[in-house]
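The sequence shown finishes on residue 1427 if you use my numbering, and the numbering steps up by one all the way, no holes.
Just so it is clear, CB atoms sit at the ideal spot from N, CA and C, and this is done for glycine as well.
As the structure is a prediction and not an experimental result, all values here were calculated from the model.
Have a look at the structure below, then the notes.
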Amino acid sequence: MDSSNLKRRGLMFVLSSPSGAGKTTITRALLKQNENLTISVSATTRQRRAGEVQGQDYHFMDIPEFNKTIDNDDMLEHAKVFGNYYGTPRGPVEEALKNGHDVIFDIDWQGTQQLAEMARDDLVTLFILPPSARELENRLRTRSQSTLETDTQIRDRMSKANDEMSHYSEYDYVLINENIEKTIDQAQMILDAERLKRRRLVGLSDFVRGVKDGL
Ligand code: 5GP
1213 MDSSNLKRRG LMFVLSSPSG AGKTTITRAL LKQNENLTIS VSATTRQRRA GEVQGQDYHF
1273 MDIPEFNKTI DNDDMLEHAK VFGNYYGTPR GPVEEALKNG HDVIFDIDWQ GTQQLAEMAR
1333 DDLVTLFILP PSARELENRL RTRSQSTLET DTQIRDRMSK ANDEMSHYSE YDYVLINENI
1393 EKTIDQAQMI LDAERLKRRR LVGLSDFVRG VKDGL
């Protein structure tokens, strides 16, 4: 056996943060930079925002449809966030991992905990923090102009940020997003290093045996 027979198990890369900390920008950059990375498109019962595309940003569905997918065991995890339901469709994730792809998830701490219970070894979790409360509010307000969010929705997100942030210590890595380019580079370094973990290499012991036999 030579090293070309070594395969790598796909990993599940979870990014969580309060809204407005830069998670979406980082996710998009990683997807662009990594051919082997696919995104898990979540299902949600929340209203579609201006500019969001069905099947691309989310699978938008009503509550009965969402409940049906849960009853059919078609969700890897699901949770209620900001009064709406969100969940990760199981099929595309399992398919991607089976084909040796890595999958990136933009999900909250509740979903992260559920994934950790079922696949801790394949999971890499990253939490993004804003540099300050003021900066988070600025970013939310700037964004709200393009997504037509109301003041009440923004205030709601600010108070939820508090709740979400109290879970930072459950994550493998924490990055403070002061500078978006730097944070993207750091997230890429984490991904690169995690891909090299010994336990992700399938066939390693056969490979080592082959090398040793030739000595
Ligand atoms: P938004 O409505 O702003 O797109 O997302 C709100 C929150 O829901 C974000 O914190 C996001 O990470 C989380 N979220 C999105 N999709 C999922 C999902 O499939 N599962 C869980 N648990 N959370 C999700």
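Residue i - partner residues in DSSP beta bridges
i: residue 1266; result: 1270
i: residue 1219; result: 1414
i: residue 1287; result: 1301
i: residue 1386; result: 1339
i: residue 1316; result: 1225 and 1251
Cβ pair residue i, residue j closer than 8 Å
i: residue 1368; j: residue 1294; result: yes
i: residue 1231; j: residue 1339; result: no
i: residue 1397; j: residue 1336; result: no
Cβ-heavy atom distance, residue i to ligand 1, below 7 Å
i: residue 1383; result: no
i: residue 1258; result: yes
i: residue 1228; result: yes
i: residue 1300; result: yes
i: residue 1322; result: yes
i: residue 1405; result: no
i: residue 1329; result: no
i: residue 1371; result: no
i: residue 1379; result: no
Contacting residues, own chain, Cβ-Cβ under 7 Å from residue i (five flanking each side not counted)
i: residue 1219; result: 1312, 1414 and 1415
i: residue 1248; result: 1313 and 1314
Spatial neighbours of residue i in its chain, beta-carbon cut-off 6 Å, leaving aside the 5 residues before and after
i: residue 1419; result: 1213 and 1218
i: residue 1323; result: 1289 and 1291
i: residue 1299; result: 1255, 1287 and 1290
Taking 8 Å as the threshold, find out whether the region 1300 to 1313 comes into contact with the region 1380 to 1389 through three or more Cβ pairs. Remark: fewer than three beta-carbon pairs, one from each stretch, lie closer than 8 Å, so the region 1300 to 1313 and the region 1380 to 1389 are not flagged as touching.
Tell me, please, whether the region 1234 to 1254 touches the region 1366 to 1383 by the rule of three or more beta-carbon pairs shorter than 8 Å. Verdict: no, contact absent.
Using 8 Å as the threshold, is the region 1404 to 1413 in touch with the region 1346 to 1356, meaning 3 or more CB pairs across them? Verdict: no, contact absent.
Does the count of Cβ pairs from the region 1275 to 1285 and the region 1248 to 1263 closer than 8 Å reach three? These segments touch.
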